[in-house]
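Counting from 1018, one number per residue, gives the positions in the sequence shown under my numbering. All C-beta atoms in this analysis are idealised placements derived from N, C-alpha and C, irrespective of residue type, glycine included. All values derive from a computational prediction rather than experimental measurement. Contents: one structure, followed by commentary.
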Amino acid sequence: MKKHCTFILAALFFFSLPQVSFPQLQDVSFSSGLRIKPGAHFEYFSRKVTWDNENQTLDLKSKIFALNLEIEINEGFSISGLAGYTLSNYDALIFRQLPFSVELDASDIGGFIFGAELRKSLFYANDFEFGLYGQFLYHIGKEETWDIPGLNVTGTVTGKPTWMRASAGPYIKFTGLDSFSPYLSVCYNNLWGRFEMQQAIQTLEGTEEKELKSKSLVDITLGSILTLSDNFFLKGEAHILPHKDGMDLGFVVIAAFSF
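So, in structure tokens, the structure goes:
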């Protein structure tokens, strides 16, 4: 986990440097003023994750409802923040080291999510923009308690999940149309986390923690920005994340104002 955090901090620091320059790139200037872009963010994804030393897998499905705020410092350099609520499903997760084995079979578990994103254009060639972006999300699941059925005495299990997601890479955007800007990105995208389960049956107690790791690490993103007016736009993305056992999928919809 320390390696992931070090990588993300280094990437975000690199993107945030206004002095970074490349041959034949546009100079960054702050004289053009800020643009503020508040909006609503919805995302759904399904990721194949492993646990128990990668011997077991489950499909982690999550829905994200959030508000986001993008600050465009100048044309081609922006910083975004995100905060909201999530519903995640961890069905088929099995805990065998508790006093009584438990297989999770529950509805979606709610939680909170926070994130940040940096985006920086590097250069333009004809009607194409080339750039880099990085994103980090941190999900804190709510603690949930369930009764254990089929016992002659009272027994409960209490679970609390967390996960993090980091993505970074290049993008290419077509800018030759007035109100429609499609883009493509092939980037690193990793998700990892843990699920802690506690069990209490009278005097019997136990705790077990599962480390979760996504099988897919490469994200192929197809997106577009639809500008409906000078102050309102829609953004949509489809994500394809291949791995040796198939592929994971996701999509994002953002509606935002600009002023």
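Asked, Found
"Supposed close pair Lys1252, Gly1240 - CB separation, criterion 8 angstroms", "7 angstroms"
"The region 1161-1169 in contact with the region 1184-1192 per 3-pair CB rule at 8 angstroms", "no"
"C-alpha distance - Val1174 paired with Trp1180, whole-angstrom precision", "20 angstroms"
"Residues near Gly1008 by beta carbon distance below 8 angstroms, same chain, minus five either side", "No answer is possible for residue 1008: it lies beyond the span of the chain, which begins at 1018 and ends at 1276."
"Ser1246 - containing beta strand (DSSP E), residue span", "Val1235 to Ser1246"
"Run of the beta strand (DSSP E) containing Pro1166, from where it starts to where it stops", "Run containing Pro1166: none; DSSP gives neither H nor E here."
"Residue burial classification, Lys1137 (beta-carbon count within 10 angstroms, cutoff 16)", "buried"
"Test item: CB-CB of Lys1054 and Phe1274 under 8 angstroms", "yes"
"Contacts around Glu1225, its chain only, beta-carbon distance under 7 angstroms, and the 5 residues preceding and following it disregarded", "Phe1112, Gln1114, Leu1115 and Met1214"
"Residue environment, Asp1265, which counts as buried when at least 16 other CB atoms sit within 10 Å", "buried"
"Cβ separation of His1256 and Asp1236, assumed to be a contact under 8 angstroms, to the nearest whole Å", "6 angstroms"
"Rounded straight-line distance, which links the Cα of Gly1098 to that of Phe1129", "14 angstroms"
"Which of helix, strand or coil DSSP assigns to Arg1113", "coil"
"Neighbour-count burial assignment, Asn1248, 16 or more Cβ in a 10 Å radius", "exposed"
"Distance between Arg1052 and Phe1212 (C-alpha atoms, nearest Å)", "40 angstroms"
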